[in-house]
Amino acid sequence: MKNISIIGSGTMGIGIAQIASDYNHKVVIYDKSKKSLKIAKEKLEKILNRLIEKQKIDKKGSKRILTNIKFSDSIKEIEKAEIVIEAIVEDLAMKKDVFQEIENLVSENCIIATNTSSISITSIASACKTPERVIGMHFFNPAPLMPLVEIIPAIQTSNDTIKKTMTLSESWKKTTVLCKDIPGFIVNRLARSFYSESIRIYEENIANKETIDWAMKELGGFRMGPFELMDYIGNDVNYKVTETIFNEFYFDQRYKPSITQKRLVEAGYFGRKSGRGYYNYLVNENLKINQNRELGKKIVWRVLCMLVNEAIDALYLKIASKEDIDKAMKNGVNYPKGLLEWGDEIGHRVILEEIIKLRETYSEDRYRPSPLLIYLSKNEKKIFENAEK
Ligand SMILES: NC(=O)c1ccc[n+]([C@@H]2O[C@H](COP(=O)([O-])OP(=O)(O)OC[C@H]3O[C@@H](n4cnc5c(N)ncnc54)[C@H](O)[C@@H]3O)[C@@H](O)[C@H]2O)c1
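Heads up, the sequence shown is in the numbering used here, so the first residue is 13 and it goes up one at a time.
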C-alpha cells in the first residue's frame with residue numbers, strides 16, 4: 013500500500029500519520045478544522061525536532077516525514093487512498109457520517125479502518141455499503157511509541173481485509189493482536205480491574221492512594237500505580253471508558269464505575285492536565301506511604317486476582333487467543349507479565365479462593381469467578397501447559 017489517508021488530526025491521527033509517513037507512505041491527513049490541522053503540524057514539527065536533538069533521526073529524516081504528509085481540510089484529497097484510518101471524536105453518529113462520506117470518495121478496494129476505543133466496529137460498518145472492508149485498528153497513545161495495535165474485525169469484515177490490515181500494521185513493526193468486537197476489546201476491558209479494584213481498596217480506607225500506588229509498583233512490578241496512571245490518562249477519559257464498558261455489558265457489576273472518580277470528573281479534577289486529580293500537582297503534597305509489606309502484598313494480591321480472573325474469562329469467552337491476551341497487556345499497558353502466564357505461575361486454586369473470599373465478604377456479583385478459572389483449579393491445569401519448560 014502506498015497511499016494512506018487519516019481522518020482527524022488530533023492526538024491519535026497525527027501519531028498514526030507520523031508512523032505511516034516514517035514508513036514512506038504518501039499520507040493525507042484530513043480534518044474539518046483548519047485550527048486542528050495547524051496545531052497538528054506544529055506538534056509534529058516539535059516532536060521531530062526533539063527526535064533530532066536526541067539523535068534518533070537526522071534533519072533529512074525529519075524533512076522526509078514532513079514532506080510525505082499532506083495536511084488538508086478537503087476530504088476529497090483522500091480519494092487515492094488504499095486504506096483510510098479514521099481517528100475523529102468518539103461519537104457513533106459522527107463516525108457513521110464520516111464512513112459514508114469516505115465510502116463515496118475512495119475506490120471499492122480501499123479498506124476503511126477506525127481507531128475507536130469503545131464503539132462497536134459492527135455498528136460503524138453497518139453505515140457502509142460495503143461493510144466487508146471496515147475494520148478496527150486500535151492504536152495506543154502515543155501511537156509512534158506504543159507497540160500494540162488491536163485488530164478488531166466487525167462481524168461483516170472479510171478475511172482479506174483482516175489479512176491486509178495485519179500485514180500493514182506488522183510492516184510498521186507493530187505487535188498485532190486479533191480481537192473480537194466486544195466492549196473494551198482486550199486491553200481496555202482487562203485493565204478495568206487495575207483501576208476499579210484499587211479504587212475500592214481506597215474507598216474502604218484499607219490504604220491511601222499513595223500506599224496503593226507504592227504497593228502496585230514496588231511489590232507488584234507495575235510501571236505506574238493505578239492512581240498516578242488514572243491522573244496521567246485523565247480521570248475524564250478513564251471514567252468515560254469504564255462507564256461505556258459498564259453500559260455496553262448491560263451493567264455487569266464487574267465493570268461498575270466508581271462514584272469517587274465521578275466526583276473528581278465533576279470537580280474538573282482530571283489529573284495532570286488540570287493540575288489536580290487524585291493527587292494535587294499544584295502544591296507539594298505531603299504523601300504518607302505506609303510501607304508495611306504485609307499490607308502492600310494484600311493490596312497487590314487482591315487486584316492481581318481480579319485481573320487474572322478477568323483475563324481467564326476473556327479466554328473462556330474466546331475474545332482472543334491466549335497468546336494475544338498476554339501480548340496485549342504487555343505491549344498495550346506495559347504490564348510486567350502476561351496475566352494468563354501470571355495466573356499459571358501463581359496457581360489457579362489460590363486465585364479462585366481469593367475471588368470466593370471476596371464474594372463472601374461483599375456479597376457482590378462483581379466477585380464472580382470465571383467458569384474457566386473454576387475448571388483450571390479443579391483439574392489442576394495450566395493455560396500454557398508447558399510454560400515452565
Ligand atoms: N487519545 C487516546 O489516548 C486514544 C487512544 C486510542 C484510541 N483513541 C480513539 O481515537 C479517536 C481520536 O481520539 P483523539 O484523542 O485523537 O481525539 P482528538 O479530540 O485529539 O482529535 C479528534 C480530531 O478529529 C477532528 N474531527 C472531529 N470531527 C471530525 C469530522 N467529522 N471530520 C474530520 N475531522 C473531525 C477534530 O477536529 C480533532 O482534530 C477516538 O475515537 C478515540 O476514542 C484515543
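Note that the Cβ used here is the ideal one computed from N, Cα and C, for glycine as well.
Here the structure is a predicted model, which is why all the values come from computation and not from measurement.
Membership of T126 in the beta strand (DSSP E) is indicated by the continuous run I123 to T126. Inclusion of R235 and N121 in the CB contact set at 8 Å is not warranted, their separation being larger than that value.
Membership of H37 in any alpha helix (DSSP H) is not indicated, and neither H nor E is assigned to it by DSSP. Between T142 and I133, the C-beta gap is not smaller than 8 Å, which leaves the two residues out of contact. In its chain, beyond the 5 residues on either side, Y214, F239 and Y290 have a beta carbon closer than 7 Å to the beta carbon of K221. For L299, the secondary structure class from DSSP, reduced to helix, strand or coil, is coil. Rounded to the nearest angstrom, the gap between the Cα atoms of A219 and N302 is 8 Å.
Boundaries of the alpha helix (DSSP H) around L307: R305 to Y328.
Under the three-state reduction of DSSP, K82 is assigned to strand. Among the bridge pairs identified by DSSP, E162 is matched with H150 and V189.
Distance check between Y281 and each of K310, K268 and D243 places D243 closest, using alpha-carbon atoms only.
In this structure, ligand 1 has a non-hydrogen atom nearer than 7 Å to the beta-carbon of K44. With the rule of 3 Cβ pairs closer than 8 Å, the stretch 84-103 counts as touching the stretch 18-27. The C-beta of F263 has fewer than 16 other C-beta atoms within 10 Å across all chains shown, which makes the residue exposed. Residue environment analysis places Y374 among the exposed positions, since fewer than 16 neighbouring C-beta atoms fall within 10 angstroms of its C-beta. One alpha carbon belongs to K68, the other to G283, and they sit about 30 Å apart. Ranked by Cα distance from K285, the options N259, V320 and I245 are led by I245. Looking at the backbone, the Cα of A340 and that of E397 are separated by about 20 Å. Cβ contact annotation for L190 (same chain, cutoff 7 Å, sequence separation greater than five): I163, A332 and D336, in chain order. Segment contact: the stretch 166-185 against the stretch 39-46, fewer than three CB-CB distances shorter than 8 Å; contact not assigned.
S205 places its beta carbon 8 Å or farther from that of M24. Nearest to F258 by C-alpha distance, out of K186, L294 and R201, is R201.
Relative to ligand 1, the nearest heavy atom lies less than 7 Å away from the CB of N153. Measuring C-alpha to C-alpha distances from S129 to each of F111, F151 and Q112 identifies F151 as the nearest. Setting aside the 5 residues that flank it on each side, I31 is surrounded in the same chain by A155, P156 and W184, each with a C-beta closer than 7 Å to its C-beta; the list follows chain order. Considering only N296, E306, S170 and I211, the residue with the shortest C-alpha distance to K274 is I211.
If you draw a straight line from the Cα of V199 to the Cα of Y42, it is about 28 Å long. In the structure shown, the three-state DSSP call for S129 is coil.
Each residue's CA atom was taken as its position, placing I131 and N153 some 17 Å apart. Per DSSP, the beta bridge partners of Y42 are I19 and S84. DSSP places R266 in the helix class (H, G or I) of the three-state scheme. Assignment of alpha helix (DSSP H) within the stretch 217-286, counting only whole runs of 4 or more residues, yields 221-230, 238-245, 247-260 and 271-278 in chain order. The beta carbon of I224 sits closer than 7 Å to the beta carbons of S210, I213, Y214, G237, P238, F239 and I311 from its chain, once the five residues preceding and following it are set aside; these are given in chain order. Checking the 7 Å criterion, the Cβ of H360 is out of range of every heavy atom belonging to ligand 1. Around the CB of S119, fewer than 16 other CB atoms lie within 10 Å, so the residue is classed as exposed. Under the three-state reduction of DSSP output, I26 falls in the helix class.
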